[in-house]
Amino acid sequence: MQRRDLLRQLALTAGGLSLPSLANAQKPGAPKRVLRVAHITDVHIQPLIGAAKGFERCLHHIQSLDVKPDLIINSGDCVMDAHKRTPHNADKQWKLFNEVLKSENNLPVISCVGNHDICCEGDSFKTFEDGKKWAMDEMSMHKRYYSHDTDQWRFVMLDSVQRKKDGSWYTAHLDDEQYDWLKSTLKATPDDKPVMVISHIPILAACVFFDGDNSNNGKWEVPGSWMHTDAKRISNLFDDHKNVKLAVSGHIHLTDRVDYNGVSYCCNGAVSGRWWFGKYQHTEAGYAIIDLYDDGSFTNTYISY
């Protein structure tokens, strides 16, 4: 079935896909919804186990909502595993991801890079920087961190994934160059323009405590690859800019919301769920719909497709 035909058919039966948050926007005196964003993350596509068909279903579901999103934000890990594969294998994964996105989606997409998108492991000819640049090219990204503006909101896209100093895999933080850019970008943003921050790895999250067996000898241990090691520095910066309202991420494949010091941090599950084998712990395969309002408020609703 062609994408447009399927979307038309889905639209006829989409009465059950409306979101409760829309009703609130219609009440007299209520804040006005100015943007609707679909947040997808951790697609982990591969040419096996029906991943491409699952991604298609997700995109169809997004575009068949009663109120269609204005934008898709993709926060990385598009492919199953580029960094542990040969460039030839990684290329096959990227081609499949982009084929599905091109044929099954007609919404604008902005992206950031995830750790699984970077081909550089083992005997690969690519360095970490080359692998990240390759992923950026596949996602049509001109910069590894950047801002995207609408009339009402500013989106700040970050690069969470940094090579460790000892040359081993990666850790989650902003390098100094990127932090300085973020600092200047927030300073240049008008105080009355709300900001939404997007990163692959959570800046701050609760679900990281449940991703694996990481309680040993009575102590919680959260690896630096699971959550930003510079969360305190970033949250201190956000404290200087009260228009930073929301920070979303993926990476953990679980959902949570942490409200800290005026900023809401939402980890929004995974399109692939448990890497295309059902739900991961309590979280179904899905995506988030984020409604943004003119007063800087928002709703973040996770949807299983």
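Here numbering that gives the first Met the number 0 is used: the first residue of the sequence shown is 0, the next is one more, and so on.
Note that CB positions come from ideal geometry on N, CA and C, so glycine has one too.
Computed from a prediction, not measured in an experiment: that's the story for all the values here.
{"Asked": "Where LEU203 falls, given that 16 or more other Cβ within 10 Å makes a residue buried", "Found": "buried"}
{"Asked": "Beta-carbon proximity of LEU70 to VAL36, cut-off 8 Å", "Found": "yes"}
{"Asked": "Meets three-Cβ-pair contact criterion under 8 Å: the segment 260–269 and the segment 44–56", "Found": "no"}
{"Asked": "Identity of the residue in ASP129, CYS206, GLY211 and MET79 nearest PHE276 by Cα", "Found": "MET79"}
{"Asked": "TYR292 versus SER146 - alpha carbon distance", "Found": "19 Å"}
{"Asked": "Alpha carbon of ARG84 to alpha carbon of ASP179, nearest angstrom", "Found": "34 Å"}
{"Asked": "7 Å CB neighbourhood of ASP210 in its chain, flanking five on each side removed", "Found": "TRP225, ILE251 and LEU253"}
{"Asked": "Stretch pair the segment 138–156 + the segment 182–195: three plus CB contacts closer than 8 Å", "Found": "yes"}
{"Asked": "Bounding residues of the beta strand (DSSP E) (the contiguous stretch that carries VAL243)", "Found": "243–248"}
{"Asked": "Beta-carbon spacing of MET138, CYS77 below 8 Å", "Found": "yes"}
{"Asked": "Own chain, CB closer than 7 Å to ARG143, minus 5 neighbours either side, in chain order", "Found": "VAL112, LYS131, MET135 and ASP158"}
{"Asked": "CYS355 - DSSP class collapsed to helix/strand/coil", "Found": "In this structure the chain extends from 0 to 304, so residue 355 is not present and cannot be described."}
{"Asked": "Inter-stretch contact (C-beta, 8 Å, three-pair minimum) for the segment 267–275 and the segment 176–190", "Found": "no"}
{"Asked": "Straight-line Cα distance separating ALA29 from HIS281", "Found": "33 Å"}
{"Asked": "Length of the line joining the Cα atoms of SER102 and ASP239", "Found": "43 Å"}
{"Asked": "PRO46 to LEU173 span [Cα, whole Å]", "Found": "33 Å"}
{"Asked": "Spatial distance of ILE72 from THR40 (CA atoms)", "Found": "8 Å"}
{"Asked": "heavy atom of the ligand COA below 7 Å from LYS132 C-beta", "Found": "Among the ligands in the structure shown, none appear at all, so the ligand COA cannot be discussed."}
{"Asked": "Contact set for ILE233: own chain, Cβ-Cβ below 6 Å, skip 5 residues either direction", "Found": "ILE202"}
{"Asked": "Beta-bridge partners of ASN114, as assigned by DSSP", "Found": "Note: ASN114 sits in no beta bridge, so no partner."}
{"Asked": "C-alpha gap between GLY14 and GLY285, whole angstroms", "Found": "Reliability fails at GLY14, whose pLDDT of 32 lies under 50, so the model's placement of it is uncertain and the value that follows must be treated cautiously. Approximately 19 Å, taken between the alpha carbons."}
{"Asked": "Same chain, Cβ closer than 6 Å to LEU245, neighbours up to 5 away in sequence not counted", "Found": "MET195, SER263 and PHE297"}
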